[in-house]
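Each protein sequence line maps, in turn, to chains U and B. Here the first sequence is numbered in our numbering, starting from 5 and rising by one per residue. Here the second sequence is numbered in our numbering, starting from 5 and rising by one per residue. Every residue, glycine too, gets a C-beta built ideally from N, C-alpha and C. Just so you know, these numbers come straight off a predicted model, no measurement behind them. Reviewing the structure listed below.
Protein chains: 2
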Amino acid sequence: MTSAPKANAVVGQSGGPTGVINASLAGVIEEVCKHNEIENLYGAVHAVDGIVNGNFVDLKNISIQDLEGIASCPSAALGSSRSKPDKEFCAKIFDVFKERNVRYFFYIGGNDSANTAHIVNVMAAEVGYEMRAFHIPKTIDNDLLVTDHCPGYGTAAKFVACAVMGDDLDNRALPGVKIDVIMGRHAGYLTAATALGKQRDDDGPHLIYMPERGVSMEQFAGDIDKVYKKLGRCVVAVSEGITDTDGTPWTKKVISTEEKDAHGNIQLSGTGALADFLSSQVKTKLKIKRVRADTFGYLQRSFVGFQSKVDVDEARACGREAVKLSMNEQSGSVIINRTGEGENYASELGCTELRNVAEFAKEMPKEYINKDGNGVTDAFVKYAMPLTGGLPKTYYLGNYPKV
Amino acid sequence: MTSAPKANAVVGQSGGPTGVINASLAGVIEEVCKHNEIENLYGAVHAVDGIVNGNFVDLKNISIQDLEGIASCPSAALGSSRSKPDKEFCAKIFDVFKERNVRYFFYIGGNDSANTAHIVNVMAAEVGYEMRAFHIPKTIDNDLLVTDHCPGYGTAAKFVACAVMGDDLDNRALPGVKIDVIMGRHAGYLTAATALGKQRDDDGPHLIYMPERGVSMEQFAGDIDKVYKKLGRCVVAVSEGITDTDGTPWTKKVISTEEKDAHGNIQLSGTGALADFLSSQVKTKLKIKRVRADTFGYLQRSFVGFQSKVDVDEARACGREAVKLSMNEQSGSVIINRTGEGENYASELGCTELRNVAEFAKEMPKEYINKDGNGVTDAFVKYAMPLTGGLPKTYYLGNYPKV
Numbered sequence: 005m006t007s008a009p010k011a012n013a014v015v016g017q018s019g020g021p022t023g024v025i026n027a028s029l030a031g032v033i034e035e036v037c038k039h040n041e042i043e044n045l046y047g048a049v050h051a052v053d054g055i056v057n058g059n060f061v062d063l064k065n066i067s068i069q070d071l072e073g074i075a076s077c078p079s080a081a082l083g084s085s086r087s088k089p090d091k092e093f094c095a096k097i098f099d100v101f102k103e104r105n106v107r108y109f110f111y112i113g114g115n116d117s118a119n120t121a122h123i124v125n126v127m128a129a130e131v132g133y134e135m136r137a138f139h140i141p142k143t144i145d146n147d148l149l150v151t152d153h154c155p156g157y158g159t160a161a162k163f164v165a166c167a168v169m170g171d172d173l174d175n176r177a178l179p180g181v182k183i184d185v186i187m188g189r190h191a192g193y194l195t196a197a198t199a200l201g202k203q204r205d206d207d208g209p210h211l212i213y214m215p216e217r218g219v220s221m222e223q224f225a226g227d228i229d230k231v232y233k234k235l236g237r238c239v240v241a242v243s244e245g246i247t248d249t250d251g252t253p254w255t256k257k258v259i260s261t262e263e264k265d266a267h268g269n270i271q272l273s274g275t276g277a278l279a280d281f282l283s284s285q286v287k288t289k290l291k292i293k294r295v296r297a298d299t300f301g302y303l304q305r306s307f308v309g310f311q312s313k314v315d316v317d318e319a320r321a322c323g324r325e326a327v328k329l330s331m332n333e334q335s336g337s338v339i340i341n342r343t344g345e346g347e348n349y350a351s352e353l354g355c356t357e358l359r360n361v362a363e364f365a366k367e368m369p370k371e372y373i374n375k376d377g378n379g380v381t382d383a384f385v386k387y388a389m390p391l392t393g394g395l396p397k398t399y400y401l402g403n404y405p406k407v
Numbered sequence: 005m006t007s008a009p010k011a012n013a014v015v016g017q018s019g020g021p022t023g024v025i026n027a028s029l030a031g032v033i034e035e036v037c038k039h040n041e042i043e044n045l046y047g048a049v050h051a052v053d054g055i056v057n058g059n060f061v062d063l064k065n066i067s068i069q070d071l072e073g074i075a076s077c078p079s080a081a082l083g084s085s086r087s088k089p090d091k092e093f094c095a096k097i098f099d100v101f102k103e104r105n106v107r108y109f110f111y112i113g114g115n116d117s118a119n120t121a122h123i124v125n126v127m128a129a130e131v132g133y134e135m136r137a138f139h140i141p142k143t144i145d146n147d148l149l150v151t152d153h154c155p156g157y158g159t160a161a162k163f164v165a166c167a168v169m170g171d172d173l174d175n176r177a178l179p180g181v182k183i184d185v186i187m188g189r190h191a192g193y194l195t196a197a198t199a200l201g202k203q204r205d206d207d208g209p210h211l212i213y214m215p216e217r218g219v220s221m222e223q224f225a226g227d228i229d230k231v232y233k234k235l236g237r238c239v240v241a242v243s244e245g246i247t248d249t250d251g252t253p254w255t256k257k258v259i260s261t262e263e264k265d266a267h268g269n270i271q272l273s274g275t276g277a278l279a280d281f282l283s284s285q286v287k288t289k290l291k292i293k294r295v296r297a298d299t300f301g302y303l304q305r306s307f308v309g310f311q312s313k314v315d316v317d318e319a320r321a322c323g324r325e326a327v328k329l330s331m332n333e334q335s336g337s338v339i340i341n342r343t344g345e346g347e348n349y350a351s352e353l354g355c356t357e358l359r360n361v362a363e364f365a366k367e368m369p370k371e372y373i374n375k376d377g378n379g380v381t382d383a384f385v386k387y388a389m390p391l392t393g394g395l396p397k398t399y400y401l402g403n404y405p406k407v
């Protein structure tokens, strides 16, 4: 390994925004400022699109106010992109890198972004261009391999937990069936997090459906019927990626026009069609009058002023770590290792090869989903709760002594 | 006026929950505990339904922990109801009141609830039953007459402002058209509040449509087209109660099966149909590929851990005020009068006759809506901003110097 080259760095943010992807960016910026090896830090506006178009902003002279400001703000402060670079795209990236003497590449994103960093890194090696490429994990889906969890998940988990806590209190006040559709194409982690706010035996969500376990409409309606008959109400959390028992996504049955992004993903968010379909199915099959459905949508990833402290601190540390690693290593993806549980929750950072994270996604382990496939286990709650940074307590008076 | 009778009191919470209706309940409870005239305080479980069914809980012995706990919690801690008492219903209420020597009635709710209190009060007078009936205002719609604003509005306004601030940052990161459907059947106050987070000229929401001003699909699409061509993106806030220029609600054109509640109101919330309809109209008419739509739904009224401090303090004061008034007055609705503006915002409480608040709803004044009917004025921002208790600042880096 040669010593760290004196050259410029590029940082970008890719994929769907999160509540703390800017904290990771702040971590990269503040750490870069400590290393004279990195002369300039170019922020790629709209990720790889910005790189090939030469659309960069100067980040080394950022003010402390802006640095702390973006660290507290959701979304991607540099702009994001859903482009997936192919060989031709990567050739253009190199042209720009060579032209600007860029030899450090920090890319914040999900598995697609790790893959982009990986491809770019391999191409750099092939043409003998000395470069250091590091992926900094971010996703609200928590579906990256190797790492214990992903920055972005804790904040989104806190949001959906608080949303469903409130929704459950609302449903106690005006009983009926309430269905909440939560983000998560293949991984049920975020939908599962709706369970974290449960504080009493009869608190909702009473049923939770995740993409890892297919469910038929018969089971879905039957489960709701059982809860409704017992409690007179039912709050249900459903992942947008939920499938039938044969593996077909329910959205596929509902949405006729499938809009796909450059990665071949079907559009699940930004539409209420699945929620409305489920609602009408329950009304029809169970003859329950008050059935409501909400799709939480983009609020889950971009709500202002509601970060998890644990999450934001870890996200920022991951950004710093990538830069530190680049001084001694050639490439990699930053990972979080858990070193303490429960109230003693603690973590430390590590590194894994880019190809270990690229492309493939992690599903929830079997032991986090209950036997019936309609709820989570205590093991999941133990895993996810610390990442929210703690949740408020809820109160109601319906259980007070009657007079 | 005779002196305050030594008797029992009933308190209830009616209509759609809010983020601070429990703070008003806490205010009633803590003030009742100071007045020996009130022997017992019965909490009606599920409002008037609880009264006629004799479903009460004892609230005078509530613990401080529970009192402060419910004050910090959204939804209606006693349970709510959408029943609208007729004469027969009211006769049953009196039977219960007489049987339990209830001569104080505190009812927290919107204009329908003020009407309920009014009807009950008139019937009490007719049969010569000495009773004191007070309405405590609550609604996220901010549509009650006489009062400057309603407890519940400030917290909901803070929520939608922060939601759209985040959504606008998200839309900067991944540009396209984003449509957000906000609660508000007849009054546009909550939809208008999405403007409160705007901090830069090109911040969204770029367009805001409120029920007070009809808009044609042609204008709607034309407005979006103009913004999109200028900024390459567009964030739109639309009230669920939006109408066409002939006054027909758009939901009527979209939703075939109209579910109505006991007050004859059509179900607007708990469905994503309007948002999806608007999204597909924009896609079709403007040939823009990335169009997304979210319906904020019940999160607006029931999110946990996100109260406006101004709102929660006023809501609690309104609850206390109703009890204080009942010591010297026969009936009324608590109102808030504004006594200071901007950073010197201040308010004091007053009282108006029940019939002044009952039944009818307040629309936004003309001077709060812009000339084109697609945005709000500075006068509205000046009016609404203090009620949120202040909003976070947002940051992004796309406007940094290019290198």
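Cβ-heavy atom distance, Leu149 of chain U to the ligand SAH, below 6 Å: Absent from the structure shown: the ligand SAH. Ligands present: none.
Secondary structure of Leu353 of chain U, DSSP reduced to three states: Numbered from its first residue, the first sequence carries residue 353 of chain U at position 349. Looking at Leu353 of chain U - three-state DSSP - the assignment turns out to be strand.
Nearest residue (CA-CA) to Val49 of chain U, options B:Arg176, B:Arg324, B:Lys234, B:Ser117: Residue numbering aside, residue 49 of chain U sits at position 45 when the first sequence is read from its first letter. Nearest C-alpha to Val49 of chain U among B:Arg176, B:Arg324, B:Lys234, B:Ser117: B:Arg176.
Nearest-angstrom Cα separation, counted from Val240 of chain U out to Ala297 of chain U: Mapped onto the first sequence, residue 297 of chain U falls at position 293. Mapped onto the first sequence, residue 240 of chain U falls at position 236. Distance between Ala297 of chain U and Val240 of chain U, taken at the CA atoms: about 9 Å.
Residue span of the alpha helix (DSSP H) that contains His122 of chain U, given as start and end: Mapped onto the first sequence, residue 122 of chain U falls at position 118. Its alpha helix (DSSP H) spans residues 115 to 130.
Bridge partners - Tyr111 of chain U, DSSP secondary structure assignment: The count along the first sequence starts at 1 and reaches residue 111 of chain U at position 107. Under the DSSP definition of a beta bridge, Tyr111 of chain U partners with U:Gly16, U:His139.
Option in B:Val327, B:Ala118, B:Arg217, B:Leu71 with minimal Cα separation from Glu41 of chain B: Residue 41 of chain B sits at position 37 when you count from the first residue of the second sequence. Residue nearest to Glu41 of chain B within the set B:Val327, B:Ala118, B:Arg217, B:Leu71 is B:Val327 (criterion: CA-CA distance).
Residues bridged to Lys406 of chain U [DSSP beta-bridge criterion]: Counting from 1 along the first sequence, the entry for residue 406 of chain U is found at position 402. Answer by DSSP bridge pairing, in chain order: B:Val61.
Min CB distance Met389 of chain U to chain B below 7 Å: The residue labelled residue 389 of chain U in the question sits at position 385 within the first sequence. Judged by the 7 Å Cβ criterion, Met389 of chain U is not in contact with chain B.
Enclosing beta strand (DSSP E) for Glu43 of chain B [first to last residue]: Position 39 of the second sequence holds residue 43 of chain B. Here the beta strand (DSSP E) through Glu43 of chain B covers 42 to 48.
Same chain only: Cβ atoms within 8 Å of Pro285 of chain B, ignoring 5 sequence neighbours per side: Within the second sequence, residue 285 of chain B is the residue found at index 281, counting from 1. It is worth fixing the name first, because residue 285 of chain B is Gln in this sequence and not Pro. So the list reads Met221, Phe224, Ala225, once near-sequence residues are dropped.
Distance, Pro390 of chain B Cα to Glu345 of chain B Cα: Locating residue 345 of chain B in the second sequence gives position 341, counting from the first residue. Locating residue 390 of chain B in the second sequence gives position 386, counting from the first residue. In this structure, the straight-line span from the alpha carbon of Glu345 of chain B to that of Pro390 of chain B is close to 8 Å.
Gly19 of chain U versus U:Gly54, U:Ser28, U:Ala80, U:Lys64, residue with shortest Cα-Cα distance: Position 15 of the first sequence, counted from the start, is the residue given in the question as residue 19 of chain U. The shortest C-alpha to C-alpha distance from Gly19 of chain U to any of U:Gly54, U:Ser28, U:Ala80, U:Lys64 is the one to U:Ala80.
Length-filtered (4 minimum) alpha helix (DSSP H) runs lying within the segment 303 to 364 of chain B: Fully enclosed alpha helix (DSSP H) runs of 4 or longer: 303 to 306, 313 to 330, 358 to 361.
Thr288 of chain B, buried or exposed, once every other Cβ within 10 Å from all chains shown has been counted against 16: Stepping through the second sequence from its first residue, residue 288 of chain B is reached at position 284. Thr288 of chain B is classed as exposed because its beta carbon has fewer than 16 other beta carbons within 10 Å across all chains shown.
Beta-carbon spacing of Ile25 of chain U, Lys162 of chain U below 7 Å: Here residue 25 of chain U corresponds to residue number 21 of the first sequence, with the count starting at 1. Here residue 162 of chain U corresponds to residue number 158 of the first sequence, with the count starting at 1. No, these two residues do not count as a Cβ contact at 7 Å.
As assigned by DSSP and simplified to three states, the class of Thr392 of chain U: Counted from its first residue, the first sequence places residue 392 of chain U at position 388. If DSSP states are grouped into helix, strand and coil, Thr392 of chain U belongs with the helices.
Contacts around Glu325 of chain U, its chain only, beta-carbon distance under 6 Å, and the 5 residues preceding and following it disregarded: Here the question's residue 325 of chain U lines up with position 321 in the first sequence. Excluding residues within five positions, the ones whose Cβ falls inside 6 Å are Val338, Leu353.
Cβ shell of Pro2 of chain B (< 6 Å), same chain only, five flanking positions each side left out: Examination of residue 2 of chain B is not possible in this model, given that chain B is present from 5 through 407 alone.
Segment contact, 8 Å Cβ cut-off, at least three pairs: the segment 240 to 254 of chain U with the segment 197 to 216 of chain U: They touch, by the three-pair rule.
Chain-ordered chain U contacts of Ser84 of chain B [CB-CB under 7 Å]: Residue mapping note: residue 84 of chain B aligns to position 80 of the second sequence, counting from 1. By Cβ distance, chain U contributes Ala177, Leu178.
Within-7 Å CB hit, Leu194 of chain U to chain B: For this step, residue 194 of chain U is matched to residue 190 along the first sequence. Not one chain B Cβ lies under 7 Å of Leu194 of chain U.
Min CB distance Gly54 of chain U to chain B below 7 Å: Here the question's residue 54 of chain U lines up with position 50 in the first sequence. Chain B, which has no Cβ nearer than 7 Å to the Cβ of Gly54 of chain U, makes this no.
Cross-chain neighbours of Cys166 of chain U in chain B, by beta carbon under 7 Å: Taking the first residue of the first sequence as 1, we reach residue 166 of chain U at position 162. For Cys166 of chain U, the neighbours in chain B by C-beta distance under 7 Å run, in chain order, Phe307, Val308, Gly309.
Beta-carbon neighbours of Ile97 of chain U, restricted to chain B and to distances below 8 Å: Translated into positions along the first sequence, residue 97 of chain U becomes position 93. From the beta-carbon of Ile97 of chain U, no residue of chain B is found nearer than 8 Å; the closest lies around 17 Å away.
Beta carbon proximity, Ser243 of chain U to chain B, threshold 7 Å: As a first step, residue 243 of chain U must be located in the first sequence, where it is residue number 239. It does not; no Cβ of chain B falls within 7 Å.
Boundaries of the beta strand (DSSP E) in which Arg296 of chain U is found, first to last residue: Residue 296 of chain U sits at position 292 when you count from the first residue of the first sequence. Counting along the chain, the beta strand (DSSP E) containing Arg296 of chain U begins and ends at 295 to 299.
Length of the line joining the Cα atoms of Ala165 of chain U and Lys366 of chain U: For the purposes of this step, residue 165 of chain U is taken as residue 161 along the first sequence, with counting starting at 1. For the purposes of this step, residue 366 of chain U is taken as residue 362 along the first sequence, with counting starting at 1. Taking the straight line joining both Cα atoms gives about 21 Å.
Buried/exposed call for Lys10 of chain U, threshold 16 Cβ in 10 Å: Numbered from its first residue, the first sequence carries residue 10 of chain U at position 6. By the neighbour-count rule (16 or more Cβ atoms within 10 Å), Lys10 of chain U is not buried but exposed.
Proximity to Arg107 of chain B [Cα-Cα], best of B:Gly114, B:Asp99, B:Gly377: Looking up residue 107 of chain B in the second sequence gives position 103. Ranking the options by Cα distance to Arg107 of chain B, first place goes to B:Asp99.
Boundaries (first-last residue) of the alpha helix (DSSP H) holding Cys154 of chain U: For this step, residue 154 of chain U is matched to residue 150 along the first sequence. Taken as a continuous stretch (DSSP letters only), Cys154 of chain U belongs to no alpha helix (DSSP H), as it is neither H nor E.
Status (buried if at least 16 other CB within 10 Å, exposed otherwise) for Ser7 of chain U: Mapped onto the first sequence, residue 7 of chain U falls at position 3. It counts as exposed.
Whole-angstrom distance between Thr195 of chain U and Met169 of chain U, CA atom to CA atom: Within the first sequence, the letter at position 165 stands for residue 169 of chain U. Within the first sequence, the letter at position 191 stands for residue 195 of chain U. Distance between the alpha carbons of Met169 of chain U and Thr195 of chain U is about 13 Å.
Nearest-angstrom Cβ-Cβ length linking His153 of chain B and Leu358 of chain B, presumed shorter than 8 Å: Taking the first residue of the second sequence as 1, we reach residue 153 of chain B at position 149. Taking the first residue of the second sequence as 1, we reach residue 358 of chain B at position 354. Their Cβ separation, rounded to whole angstroms, is 19 Å, which puts His153 of chain B and Leu358 of chain B out of contact at 8 Å.
CA-to-CA distance, Tyr111 of chain B to Ser117 of chain B, given in whole angstroms: Here residue 117 of chain B refers to the residue found at position 113 when the second sequence is read from its first residue. Here residue 111 of chain B refers to the residue found at position 107 when the second sequence is read from its first residue. Roughly 7 Å separates the two Cα atoms.
Classification of Arg202 of chain B by the beta-carbon crowding that lies within 10 angstroms, buried from 16 upward: On the second sequence, position 198 is the one that residue 202 of chain B refers to. The residue you asked about is not Arg; residue 202 of chain B is Lys in the sequence shown. In summary, Lys202 of chain B is buried, with 16 or more beta-carbon neighbours lying within 10 Å of its beta-carbon over all protein chains present.
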